[in-house]
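J.: Using full-length UniProt numbering, the first residue of the sequence shown is number 1, and each one after it goes up by one. Yeah, the Cβ is synthetic: ideal placement off N, Cα and C, and Gly gets one too. The structure under discussion is supplied below as structure tokens; questions concerning it will follow.
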Amino acid sequence: MKYDFEDHCWKDIVSEEILEIYKPYHRETFIGKRPALLAIDLYNASYKGGPKPVIELQGEYPSSCGIHAWEAIEPTKRLFQKVRELGIPVIYTTRDQHTKAPTKIGSTNRRLKNITDDAYDIFEAFSPEPEDLIIYKSRASAFYGTPLAAYLTKMGVDSLIVCGESTSGCVRASAVEAYSYGYHVTLVEECCYDRSMLSHKVNLFDLHHKYADVMHIDEALEHLELRSEARTLNV
């Protein structure tokens with residue numbers, strides 16, 4: 001399925017003038033030859049309170065992404081299923097709860113509260129398999145202060161397919177740093193989410209033009225299926 005370069009969720013907030021300014025970024029989008037799936041912060045805290053508007057959950061579950069997290073579950077399941085079928089490495093990130101210190105450092109300046117013991121366990125819909133890699137991080141980027149780059153080198157990975165949350169925070173920081181390391185980055189639009197739809201759309205727009213290829217889930221699956229067919233023909 002072929003999409004126009006700007007045929008994405010930001011179309012209702014980005015003016016024609018801005019689109020004209022950003023035309024020099026237009027290019028063919030693709031998934032790299034040796035990708036890994038980087039699933040960013042698919043942990044329980046994001047889903048607490050169920051599929052409700054985020055504003056309704058802020059009192060009891062201030063870390064929840066509410067309806068936005070829940071709407072991303074099914075497309076993310078489809079993405080996981082395909083990459084596992086193809087034997088593509090799966091890498092998770094979650095918050096570091098192991099380091100003991102008098103004060104905690106965090107991914108942002110947001111004050112955390114009502115954190116349960118299972119808050120940073122991976123959500124059951126995306127439970128890791130024994131062969132998967134889990135990266136524990138203290139800052140927004142999956143790379144900062146972690147061994148992720150070393151593992152990617154050892155795996156022979158040249159590119160990343162990224163899903164998870166939040167688009168404006170840990171997803172953005174990880175995508176920008178991955179680009180800086182020289183990895184090709186593909187973000188799957190329907191598999192990323194944020195507490196704010198405005199932040200989600202603006203950051204996907206900016207990342208798509210500068211640092212990553214944003215693809216719809218159907219487009220990403222088609223690219224991966226073509227890879228599978230090509231591999232079969234070469235056997």
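If contacts are defined as beta-carbon pairs under 8 Å, then Ser159 and Pro35 qualify, I think. What distance do you get, rounded to the angstrom?
T.: Within the sequence shown, numbered from 1, the residue matching residue 159 stands at position 159. Within the sequence shown, numbered from 1, the residue matching residue 35 stands at position 35. At roughly 4 Å, the Cβ-Cβ gap stays under 8 Å, so Ser159 and Pro35 are in contact.
J.: Helix, strand or coil: which one does DSSP assign to Tyr43?
T.: Numbered from its first residue, the sequence shown carries residue 43 at position 43. Note: Tyr43 maps to strand in three-state DSSP.
J.: Could you give the uninterrupted runs of the beta strand (DSSP E) lying entirely in the region 134-204, keeping only those of 3 residues or more?
T.: Entirely contained in the region 134-204, the beta strand (DSSP E) runs reaching 3 residues are, in chain order, 159-165, 184-193.
J.: Using 10 angstroms around the beta-carbon of Ala150, count the other beta-carbons present and answer buried if the total reaches 16, otherwise exposed.
T.: Within the sequence shown, the letter at position 150 stands for residue 150. When all chains shown are included, Ala150 counts as exposed.
J.: Which two residues bound the contiguous beta strand (DSSP E) that contains Ile122?
T.: Here residue 122 is taken as the residue at index 122 of the sequence shown, counted from 1. No beta strand (DSSP E) contains Ile122, which DSSP labels as neither H nor E.
J.: Quick one: using the 10 Å Cβ neighbour count with 16 as the cut-off for buried, is Arg195 buried or exposed?
T.: In the sequence shown, residue 195 corresponds to position 195, counting from 1. It counts as buried.
J.: Beta-carbon separation of Tyr92 and Ile135 under 8 Å?
T.: As a working note, residue 92 is residue 92 in the sequence shown. As a working note, residue 135 is residue 135 in the sequence shown. Yes, the Cβ-Cβ distance between Tyr92 and Ile135 is below 8 Å.
J.: At which residues does the beta strand (DSSP E) containing Val214 begin and terminate?
T.: The residue labelled residue 214 in the question sits at position 214 within the sequence shown. Its beta strand (DSSP E) spans residues 213-215.
J.: Which residues in the same chain have their Cβ closer than 6 Å to the Cβ of Ala69, if we skip the five residues on either side of it in sequence?
T.: Numbered from 1 along the sequence shown, position 69 holds the residue referred to as residue 69. So the qualifying residues of the chain are Ser46, Tyr47, Tyr193.
J.: Beta-carbon separation of Thr94 and Tyr22 under 8 Å?
T.: Your numbering for residue 94 matches position 94 in the sequence shown. Your numbering for residue 22 matches position 22 in the sequence shown. Not in contact: Thr94 and Tyr22 (Cβ atoms no closer than 8 Å).
J.: Is Pro21 helix, strand or coil by DSSP?
T.: The residue given as residue 21 occupies position 21 in the sequence shown. Reading off the sequence shown, one finds Ile at residue 21, where the question assumed Pro. Correct three-state label for Ile21: helix.
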